[in-house]
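Chemist: My questions all concern the structure below.
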């Protein structure tokens, strides 16, 4: 405890006392570093507990949902468990702002209950200096979440998706080098990208005869699933005959495809499996081929806004503890923190859905929840002053 530390360390050796610290706290950086470490340890301890509980609940729900697909193809309960475990970094990444908000509320709330915040302020340590201690933790967490989002989450998601796809994908469908190859009777189909379950990009169809000789090569910019059937868009067909070759161009052609959108839901590229650079390249590829890139642009800006959201949610916790929740019980803090986290989660997801439906700016949809909570934090801080 901070209060205990001061009572056990009189000012006989160092000349430090609460009154002295109040006059010039900046001269006692070694002692402030101890306080910074204490506050950081407190916040990280409670945040780790909260994140463990939240991730555990989400993993349980994901595993139960995955059990519904076991028995299809080679997908077993063991593979469902492996897939669920590999989604953990992504869950942690998504829950980071919420977990740190609740953890900060509980950590600072525990200090308030033990009168440690009162002792710090009595010693002359201002609200802004405590805010500085919290900001150090927030910056550290922002750096951690950026590293997670770029190096850990994409690899884990990609590996988990690969395990799931290979187990659930029917025989005759092969994944190589980022392309999908499908054998359909007398044809081989290559699909360059799957932006969504109803849309394919960069489709090439190789048709062969009974002697396994190439008869035609059809290249389409994209394929769309409309009215219970697939249509190739902006296509050209190279027809190969013994004596001559011809090239045919068409805007639209019906395509009797061997697979349905449900299969493509499994195979579609997940935005969470891509880094920022990977998302940027994929968005460029989709735009170049006139494919829908909106979900990936939203994911791109959401990945950028998540570290900022982490900082905002931790900042919001500070005036909440110093103001409304200073004398509240642990149960009240948990309830308020959970309510705030749920509101943030719902706003985050709602803004993304509205952006897709009403064609709103992806930048706006990514930052609106954070800006809303930042405004709330600034209002609470102003009321404290």
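In the numbering used here, the protein residues as written are 45 to 429. Cβ coordinates follow ideal geometry from the N, Cα and C atoms, glycine included.
(1) Whole angstroms are fine: how far does the CA of residue 333 sit from the CA of residue 175?
(2) State the CB to CB distance for the pair residue 388 and residue 357, rounded to an integer number of angstroms; the pair is presumed to be in contact (CB under 8 Å).
(3) Leaving out five residues before and five after residue 354 in sequence, what residues of the same chain have Cβ atoms less than 8 Å from its Cβ?
(4) Starting from residue 138, trace the alpha helix (DSSP H) both ways and give me its first and last residue.
(5) Does the beta-carbon of residue 374 have 16 or more other beta-carbons within 10 angstroms, so that it is buried, or is it exposed?
(6) On the DSSP bridge list, what partners appear for residue 281?
(7) So, is residue 296 buried or exposed, given that buried needs 16 or more other C-beta atoms within 10 angstroms?
(8) Take residue 152 as the anchor and find which of 351, 423, 362 has the nearest alpha-carbon.
(9) In the DSSP assignment, the beta strand (DSSP E) including residue 393 goes from what residue to what residue?
(10) Taking DSSP as the reference, what is the three-state secondary structure of residue 334?
(11) Mind checking residue 383: buried by the 16 CB within 10 Å criterion, or exposed?
(12) With residue 198 as the anchor, note down where its alpha helix (DSSP H) starts and where it stops.
(13) Within 10 Å of its beta-carbon, does residue 238 have 16 or more other beta-carbons around it, so buried, or fewer, so exposed?
(14) Apart from the five residues on each side of it in sequence, which residues of its chain come closer than 7 Å, Cβ to Cβ, to residue 223?
(15) Look at the Cβ atom of residue 133, then the Cβ atom of residue 94, and state whether they are nearer than 8 Å.
(16) Taking the alpha helix (DSSP H) that residue 313 belongs to, which residues open and close that run?
(17) Report the three-state DSSP secondary structure of residue 414 (helix, strand or coil).
(18) In three-state DSSP terms, what is residue 367?
(19) Please say whether residue 348 and residue 421 have beta carbons closer to each other than 8 Å?
(20) Does DSSP put residue 241 in a helix, a strand or coil?
(21) Taking 8 Å as the cut-off, does the stretch 237–253 touch the stretch 322–337 (at least 3 CB pairs, one atom from each stretch)?
(22) Note the first and the last residue of the continuous alpha helix (DSSP H) segment covering residue 227.
(23) For residue 314 and residue 201, which I take to be in contact (beta-carbon distance under 8 Å), what is that distance rounded to the nearest angstrom?
Modeler: According to the data block:
(1) 49 Å
(2) 7 Å
(3) Excluding the 5 residues flanking it on each side, residue 354 has same chain C-beta neighbours closer than 8 Å at 140, 141, 144, 182, 185, 186, 189, in chain order.
(4) 132–157
(5) exposed
(6) 262, 292
(7) exposed
(8) Considering only alpha carbons, the answer is 362.
(9) Taken as a continuous stretch (DSSP letters only), residue 393 belongs to no beta strand (DSSP E), being part of the alpha helix (DSSP H) at 374–402.
(10) coil
(11) exposed
(12) 197–212
(13) Around the Cβ of residue 238, a 10 Å sphere holds 16 or more other Cβ atoms; the residue is buried.
(14) 234, 235, 236
(15) The criterion of a C-beta distance shorter than 8 Å is not satisfied by residue 133 and residue 94.
(16) From DSSP, residue 313 is part of no alpha helix (DSSP H); its letter is neither H nor E.
(17) Helix at residue 414.
(18) Of the three classes helix, strand and coil, the one that applies to residue 367 here is coil, per DSSP.
(19) no
(20) coil
(21) yes
(22) Segment 223–228 is the beta strand (DSSP E) holding residue 227; no alpha helix (DSSP H) there.
(23) 6 Å
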